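Participant:
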Amino acid sequence: MADYRHIADRVADDIASGRLRPGQQLPPQRVFARQRGIAGSTAGRVYAELGRRGLVVGEVGRGTFVRAAAAGPYGRAIVEAATTAAVNLELNYPSAPGQSELLAPALAPLLRPDVLTEALRPAAATGTAVAREATADLLATPAWRPAPDRILFSGNARQAIAATLASLVRPGGRVGVEPLTYPLVREIAGRLGVTLVALEADGDGPRPESVRAAHRTASLSALYLQPTLHNPTSVTTSEARKREIADVVGELGLPVVEDRIWSFLHPDSPAPLAAYAPGLVHVVDGLSKRVAPGLTVGFLVVPAHRVEAVAVAIRSGGWSAGRFALEAGVRWMTDGTVGRLVAAKRADAAARQRLVGEELGGFAVRADPLAYYAWWELPAPWRADTFTAAAAAHGIAVTPGTAFGVDPKVTPDAVRLGLASAAVPDLRRALRTLASLAAGAGAGTPVRGGRIG
Numbered sequence: 008m009a010d011y012r013h014i015a016d017r018v019a020d021d022i023a024s025g026r027l028r029p030g031q032q033l034p035p036q037r038v039f040a041r042q043r044g045i046a047g048s049t050a051g052r053v054y055a056e057l058g059r060r061g062l063v064v065g066e067v068g069r070g071t072f073v074r075a076a077a078a079g080p081y082g083r084a085i086v087e088a089a090t091t092a093a094v095n096l097e098l099n100y101p102s103a104p105g106q107s108e109l110l111a112p113a114l115a116p117l118l119r120p121d122v123l124t125e126a127l128r129p130a131a132a133t134g135t136a137v138a139r140e141a142t143a144d145l146l147a148t149p150a151w152r153p154a155p156d157r158i159l160f161s162g163n164a165r166q167a168i169a170a171t172l173a174s175l176v177r178p179g180g181r182v183g184v185e186p187l188t189y190p191l192v193r194e195i196a197g198r199l200g201v202t203l204v205a206l207e208a209d210g211d212g213p214r215p216e217s218v219r220a221a222h223r224t225a226s227l228s229a230l231y232l233q234p235t236l237h238n239p240t241s242v243t244t245s246e247a248r249k250r251e252i253a254d255v256v257g258e259l260g261l262p263v264v265e266d267r268i269w270s271f272l273h274p275d276s277p278a279p280l281a282a283y284a285p286g287l288v289h290v291v292d293g294l295s296k297r298v299a300p301g302l303t304v305g306f307l308v309v310p311a312h313r314v315e316a317v318a319v320a321i322r323s324g325g326w327s328a329g330r331f332a333l334e335a336g337v338r339w340m341t342d343g344t345v346g347r348l349v350a351a352k353r354a355d356a357a358a359r360q361r362l363v364g365e366e367l368g369g370f371a372v373r374a375d376p377l378a379y380y381a382w383w384e385l386p387a388p389w390r391a392d393t394f395t396a397a398a399a400a401h402g403i404a405v406t407p408g409t410a411f412g413v414d415p416k417v418t419p420d421a422v423r424l425g426l427a428s429a430a431v432p433d434l435r436r437a438l439r440t441l442a443s444l445a446a447g448a449g450a451g452t453p454v455r456g457g458r459i460g
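Position 149 of the sequence shown, counting from 1, maps to 156 under my numbering, and the rest follow consecutively.
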């Protein structure tokens with residue numbers, strides 16, 4: 008009897024050599040078995056082995072498709088760098104021109120030995136009075152300013168999310184989220200033993216009645232929402248919808264984690280959901296996008312009666328902010344550096360969105376002109392995984408829509424394009440290459456511009 012692994016090796020060789028290209032569909036297993044003169048059960052084991060190696064992806068009702076010539080391991084986190092892509096549209100860390108020159112002066116005083124000794128001590132979750140006041144000013148909108156005594160600090164915004172959820176939800180609990188959500192929240196939920204429940208949403212964000220319906224099915228412990236510049240769709244929920252959601256969570260007594268990490272890009276500074284339900288909403292924000300990911304601080308604004316519980320979660324999880332980073336952040340907030348960086352990044356994001364409009368104008372792309380990302384609903388016959396693999400073969404890393412989907416039965420044929428990290432000329436070339444790839448009849452169609460890098 009034929010060894011299925013040897014047959015899988017031959018198919019893998021065809022993929023590696025380019026005889027089978029990313030996105031190309033393999034024949035049905037019964038046809039493959041007939042072509043190779045093997046039993047149907049052996050063909051099934053071959054396909055399973057190719058899937059285990061990460062070379063193909065099977066989609067129920069659609070077939071099996073070549074994923075990539077040399078796939079990385081499954082489960083790669085969205086924050087990890089693509090190792091071979093010349094243009095990385097997965098990572099999304101904005102950087103303003105002259106950013107290092109703006110940041111350096113505030114660090115110099117911290118390097119004096121007497122100051123450095125204090126700055127290297129551990130920081131409490133409550134930070135310092137100066138840090139709380141500076142953060143309250145930074146996060147304030149025309150209709151809302153957080154009370155400084157309700158502000159806590161963590162190492163970054165991801166840790167702030169983890170600490171808040173850990174303080175709110177016991178293992179086995181259920182958390183309602185938008186149907187497309189921040190991928191690391193899925194990872195955090197898995198580590199906490201929490202189930203994410205996809206809420207129904209429309210062009211204005213989560214539908215309030217879907218919160219009630221999900222809670223009736225089995226009690227929710229909390230919600231995690233991104234009402235301002237939602238990642239990946241860039242939807243910003245209206246004030247009217249926020250009030251409706253606030254009414255529902257108030258009626259149900261349901262706490263909310265509100266992620267505002269990208270809200271700084273919105274020049275109108277819409278009020279957070281916390282302005283309408285202050286006793287239930289926990290606001291998460293940070294400096295990583297405003298400033299830089301390497302020296303950052305996460306912010307939490309929590310209901311007054313929740314301060315100690317969330318502080319305990321920060322300490323027990325090892326998620327406390329570093330004192331040096333906190334001191335640096337305070338200096339950047341108070342000397343105007345953060346404000347100048349925000350203005351520069353808003354202009355940069357708008358310029359990059361104009362590139363998206365120029366290069367992908369004929370496609371179904373959802374993007375706010377203020378956002379640093381775009382959600383591209385791919386044209387048929389492309390699927391998210393196969394397009395991602397085909398893009399990688401041309402030296403471009405994108406994030407498949409499946410990374411954001413909460414319901415495993417719903418696999419959006421879309422990709423997210425992170426616009427912030429690539430140099431502008433590289434971004435334009437990458438978008439042009441992706442447009443040519445998407446417009447082709449299939450994986451075998453030549454791509455204008457070829458491989459990047």
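For glycine and all other residues, C-beta sits at the position ideal for the given N, C-alpha and C.
The structure displayed is predicted, hence computed values, not measured ones.
1. Is there contact between the segment 281 to 292 and the segment 396 to 405, where contact requires at least three CB pairs shorter than 8 Å?
2. Rounded to the nearest angstrom, what separates ARG353 and SER107 at their Cα positions?
3. Straight-line CA distance for ALA167 to PRO120?
4. Excluding the 5 residues flanking GLY70 on each side, which residues of the same chain have their C-beta closer than 8 Å to its C-beta?
5. Grouping DSSP H, G and I as helix and E and B as strand, with all else coil, what is GLY368?
6. Where ALA328 and ARG165 are concerned, what is the direct C-alpha to C-alpha distance, given to the nearest angstrom?
7. Do you know offhand how far VAL18's Cα is from ALA143's?
8. What are the boundary residues of the beta strand (DSSP E) that HIS289 is part of?
9. Would you grab the beta carbon distance between GLY324 and ALA130 for me? Rounded to a whole angstrom, and I think it's under 8 Å.
10. Does DSSP put GLY334 in a helix, a strand or coil?
11. Alpha carbon to alpha carbon, how far is PRO407 from ASP414?
12. Reducing DSSP to helix, strand and coil, say where THR142 ends up.
13. Between which two residues does the alpha helix (DSSP H) harbouring GLU258 extend?
14. On the CB-based measure, 16 or more other CB atoms within 10 Å of its CB, does ALA282 come out buried or exposed?
15. State the DSSP-derived secondary structure class of TRP151, mapped to helix, strand or coil.
16. So, at 6 Å on beta carbons, what are the nonlocal neighbours of PRO178 in its own chain, with the 5 sequence-adjacent residues on each side left out?
17. To the nearest angstrom, report how far apart VAL256 and LEU27 are at their CA atoms.
18. Compare the C-alpha of ALA445 against each of VAL431, ALA427, LEU434, ALA391 and name the closest.
19. Could you tell me the alpha carbon to alpha carbon distance between PRO29 and ALA358, rounded to whole angstroms?
20. Measure the C-alpha to C-alpha separation of VAL298 and ALA208 and round it to an integer number of angstroms.
21. Count the other CB atoms within 10 Å of the CB of GLU251; is the residue buried (16 or more) or exposed (fewer)?
22. Going by DSSP, what residues sit across from GLY179 in a beta bridge?
23. Cβ atoms of TRP389 and VAL422: under 7 Å apart, would you say?
24. Taking ALA103 as part of the alpha helix (DSSP H), name the residues at either end of that continuous run.
25. Which residue wins for smallest C-alpha separation from ASN99, given the options LYS296, ALA253, VAL304?
26. Could you tell me the alpha carbon to alpha carbon distance between ALA410 and ILE268, rounded to whole angstroms?
27. Just list the residues that DSSP pairs SER161 with in beta bridges.
28. Any idea what DSSP makes of PHE271, helix, strand or coil?
29. Note down the Cα distance separating THR440 from ALA387, rounded to an integer number of angstroms.
30. Helix, strand or coil for GLN32 per DSSP?
31. If we call anything under 7 Å between Cβ atoms a contact, is LEU236 one with VAL263?
32. Could you tell me the boundaries of the beta strand (DSSP E) in which VAL73 lies?
33. Using the three-state DSSP reduction, which class does TRP6 fall into: helix, strand or coil?
34. For the beta strand (DSSP E) that contains VAL263, what are its first and last residues?
35. Rounded to whole angstroms, what's the CA-CA distance from LEU362 to ASP266? Just pull it up for me.
36. Do ALA381 and VAL372 have their C-beta atoms within less than 7 Å of each other?
Facilitator: Taking the geometry as given:
1. Judged by Cβ distances under 8 Å, the segment 281 to 292 makes no contact with the segment 396 to 405, as fewer than three pairs qualify.
2. In the sequence shown, the residue the question calls residue 353 occupies position 346. In the sequence shown, the residue the question calls residue 107 occupies position 100. Taking the straight line joining both Cα atoms gives about 18 Å.
3. Reading the sequence shown from its first residue, position 160 is the one you call residue 167. Reading the sequence shown from its first residue, position 113 is the one you call residue 120. ALA167 and PRO120: Cα-Cα distance of roughly 31 Å.
4. The sequence position of residue 70 within the sequence shown is 63, counting from 1. Hits under 8 Å: GLN32, LEU33, PRO35.
5. Residue numbering aside, residue 368 sits at position 361 when the sequence shown is read from its first letter. The answer is coil: DSSP assigns GLY368 none of H, G, I, E or B.
6. Working through the sequence shown from its first residue, we reach residue 328 at position 321. Working through the sequence shown from its first residue, we reach residue 165 at position 158. Taking the straight line joining both Cα atoms gives about 12 Å.
7. Within the sequence shown, numbered from 1, the residue matching residue 18 stands at position 11. Within the sequence shown, numbered from 1, the residue matching residue 143 stands at position 136. Answer to the nearest angstrom: the Cα atoms are 59 Å apart.
8. Residue 289 sits at position 282 when you count from the first residue of the sequence shown. First-last of the beta strand (DSSP E) with HIS289: 288 to 293.
9. Position 317 of the sequence shown, counted from the start, is the residue given in the question as residue 324. Position 123 of the sequence shown, counted from the start, is the residue given in the question as residue 130. Rounded, the Cβ-Cβ distance is 14 Å, inconsistent with contact.
10. Numbered from 1 along the sequence shown, position 327 holds the residue referred to as residue 334. Per the sequence presented here, residue 334 reads as Glu, with Gly not at that position. If DSSP states are grouped into helix, strand and coil, GLU334 belongs with the helices.
11. As a working mapping, residue 407 is identified with position 400 in the sequence shown. As a working mapping, residue 414 is identified with position 407 in the sequence shown. Cα-Cα distance, rounded: 15 Å.
12. For the purposes of this step, residue 142 is identified with residue 135 of the sequence shown, where counting begins at 1. Note: THR142 maps to helix in three-state DSSP.
13. For this step, residue 258 is matched to residue 251 along the sequence shown. Here the alpha helix (DSSP H) through GLU258 covers 246 to 259.
14. Counted from its first residue, the sequence shown places residue 282 at position 275. Buried, because 16 or more other Cβ atoms sit within 10 Å of the Cβ of ALA282.
15. Mapped onto the sequence shown, residue 151 falls at position 144. Three-state result, TRP151: strand.
16. Taking the sequence shown and counting its residues from 1, one reaches residue 178 at position 171. The residues are GLY200.
17. On the sequence shown, position 249 is the one that residue 256 refers to. On the sequence shown, position 20 is the one that residue 27 refers to. If I take the Cα positions, the gap works out to 52 Å.
18. As a working mapping, residue 445 is identified with position 438 in the sequence shown. Of VAL431, ALA427, LEU434, ALA391, the residue nearest in Cα terms is ALA391.
19. Numbered from 1 along the sequence shown, position 22 holds the residue referred to as residue 29. Numbered from 1 along the sequence shown, position 351 holds the residue referred to as residue 358. Looking at the two C-alpha atoms, the distance is approximately 32 Å.
20. Your numbering for residue 298 matches position 291 in the sequence shown. Your numbering for residue 208 matches position 201 in the sequence shown. So the alpha carbons of these two residues sit roughly 31 Å apart.
21. On the sequence shown, residue 251 is found 244 positions in, with the first residue counted as 1. So GLU251 ends up on the buried side.
22. Here residue 179 refers to the residue found at position 172 of the sequence shown. Note: GLY179 sits in no beta bridge, so no partner.
23. For the purposes of this step, residue 422 is taken as the residue at position 415 of the sequence shown. For the purposes of this step, residue 389 is taken as the residue at position 382 of the sequence shown. No. Outside cutoff.
24. Taking the sequence shown and counting its residues from 1, the one referred to as residue 103 is at position 96. It is not in any alpha helix (DSSP H) - ALA103 carries neither H nor E in the DSSP assignment.
25. On the sequence shown, position 92 is the one that residue 99 refers to. Out of LYS296, ALA253, VAL304, LYS296 has the C-alpha closest to the C-alpha of ASN99.
26. Position 403 of the sequence shown, counting from 1, holds the residue named residue 410. Position 261 of the sequence shown, counting from 1, holds the residue named residue 268. Cα to Cα, ALA410 sits roughly 19 Å from ILE268.
27. Indexing the sequence shown from 1 puts residue 161 at position 154. Answer by DSSP bridge pairing, in chain order: GLY305.
28. Along the sequence shown, one-based indexing puts residue 271 at 264. Note: PHE271 maps to helix in three-state DSSP.
29. Position 433 of the sequence shown holds residue 440. Position 380 of the sequence shown holds residue 387. Approximately 17 Å between the Cα atoms of the pair.
30. What you label residue 32 is simply residue 25 of the sequence shown in a count that begins at 1. The answer is strand: DSSP assigns GLN32 an E or B state.
31. The residue labelled residue 236 in the question sits at position 229 within the sequence shown. The residue labelled residue 263 in the question sits at position 256 within the sequence shown. In this structure, VAL263 does not lie closer than 7 Å to LEU236 by Cβ.
32. Start at 1 with the first residue of the sequence shown, and residue 73 comes out as number 66. Run containing VAL73: 70 to 73, per the beta strand (DSSP E) assignment.
33. Summary: the structure shown does not reach residue 6, with the chain confined to residues 8 through 460, and so no result is reported for it.
34. Reading the sequence shown from its first residue, position 256 is the one you call residue 263. From DSSP, the beta strand (DSSP E) with VAL263 extends over 263 to 266.
35. Taking the sequence shown and counting its residues from 1, one reaches residue 362 at position 355. Taking the sequence shown and counting its residues from 1, one reaches residue 266 at position 259. Between LEU362 and ASP266, the C-alpha separation is close to 27 Å.
36. Your numbering for residue 381 matches position 374 in the sequence shown. Your numbering for residue 372 matches position 365 in the sequence shown. Yes, the Cβ-Cβ distance between ALA381 and VAL372 is below 7 Å.
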